């Protein structure tokens, strides 16, 4: 039963981090990592270590967007006691403040750690599998 509970808690963690980024709640986003956790975006040469850097990194990244939408699809979870690894499948699109558009399909390669406060990310590594910069024809929430 513990393995079932762990999987449910890790899925809830993955849902929580997506909600935090979509709601631009950067403090909550950073709190979902272990204190020495890491977020890595190799496709743009960025790495953020520790909650303070992770918070600053996600705020910087989200600041580039006029609007941003992230959809998450369940991936695998492999449990090993108080740690686990997994993948989260991502589809994102949005318009950058400089007018450029972006759509992609990607993976997060995750490492999780059980803490006294529940499961946390110890590492997230982002891997873009497909990117498209074709201009988006829709409008974001700030347009009538």
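In our numbering, the protein residues as written are 65 to 208.
Here a beta-carbon is modelled for each residue, glycine too, at the ideal position from N, C-alpha and C.
Everything numeric in this text was worked out from a predicted model, so none of it was measured.
| Per DSSP, cross-strand counterpart(s) of residue 151 | Position 87 of the chain shown, counted from the start, is the residue given in the question as residue 151. Residue 151 is bridged to 173.
Using the rule of at least 16 other Cβ atoms within 10 Å of the residue's Cβ for burial, across every protein chain shown, is residue 193 buried or exposed? Taking the first residue of the chain shown as position 1, residue 193 is located at position 129. So residue 193 ends up on the exposed side.
Selected residue, minimal CA-CA separation from residue 199, among 163, 77, 116 and 121 = Looking up residue 199 in the chain shown gives position 135. Checking every option, the nearest Cα to that of residue 199 belongs to 163.
Identify the continuous alpha helix (DSSP H) that holds residue 86 and give its terminal residues. Taking the chain shown and counting its residues from 1, the one referred to as residue 86 is at position 22. Residue 86 -> alpha helix (DSSP H) spans 66 to 86.
Can you name, in chain order, every residue of its own chain whose Cβ lies under 7 Å from the Cβ of residue 90, other than the five neighbours on each side? In the chain shown, counting from the first residue as 1, residue 90 sits at position 26. If we look at residue 90 and ignore the five residues flanking it on each side, its Cβ neighbours are 119, 122 and 123.
Query - N-terminal and C-terminal residue of the alpha helix (DSSP H) that residue 127 is part of - result: As a first step, residue 127 is located in the chain shown; it is residue number 63 there, counting from the start. Where residue 127 is concerned, the enclosing alpha helix (DSSP H) stretches over 114 to 127.
- Task: Note the first and the last residue of the continuous beta strand (DSSP E) segment covering residue 193.
- Result: Numbered from 1 along the chain shown, position 129 holds the residue referred to as residue 193. Note, residue 193: beta strand (DSSP E), 182 to 196.
Counting C-beta neighbours from all protein chains within 10 Å, is the total for residue 152 16 or more, i.e. buried, or is it exposed?
Taking the chain shown and counting its residues from 1, one reaches residue 152 at position 88. Here residue 152 is buried: its Cβ has 16 or more other Cβ atoms, across all protein chains shown, within 10 Å.
DSSP state of residue 161, grouped into three classes?
As a first step, residue 161 must be located in the chain shown, where it is residue number 97. Reduced to three states, the DSSP call for residue 161 is coil.
Worksheet entry | Rounded separation between residue 169 and residue 191 - CA only | The sequence position of residue 169 within the chain shown is 105, counting from 1. The sequence position of residue 191 within the chain shown is 127, counting from 1. C-alpha separation (whole angstroms): 9 Å.
inquiry  = Here's the rule I'm using: 16 or more other beta-carbon atoms within 10 Å means buried, otherwise exposed. How should residue 128 be labelled?
reply    = For the purposes of this step, residue 128 is taken as residue 64 along the chain shown, with counting starting at 1. Answer is exposed; the Cβ neighbour count stays below 16.
What are the start and end residues of the alpha helix (DSSP H) that includes residue 91?
-> Within the chain shown, residue 91 is the residue found at index 27, counting from 1. 90 to 95 is the extent of the alpha helix (DSSP H) around residue 91.
- [ ] Could you check how far apart the C-beta atoms of residue 104 and residue 203 are, in whole angstroms? I think they sit under 8 Å.
- [x] For the purposes of this step, residue 104 is taken as the residue at position 40 of the chain shown. For the purposes of this step, residue 203 is taken as the residue at position 139 of the chain shown. Not quite, the Cβ-Cβ distance comes to about 32 Å (not below 8 Å), so this is no contact.
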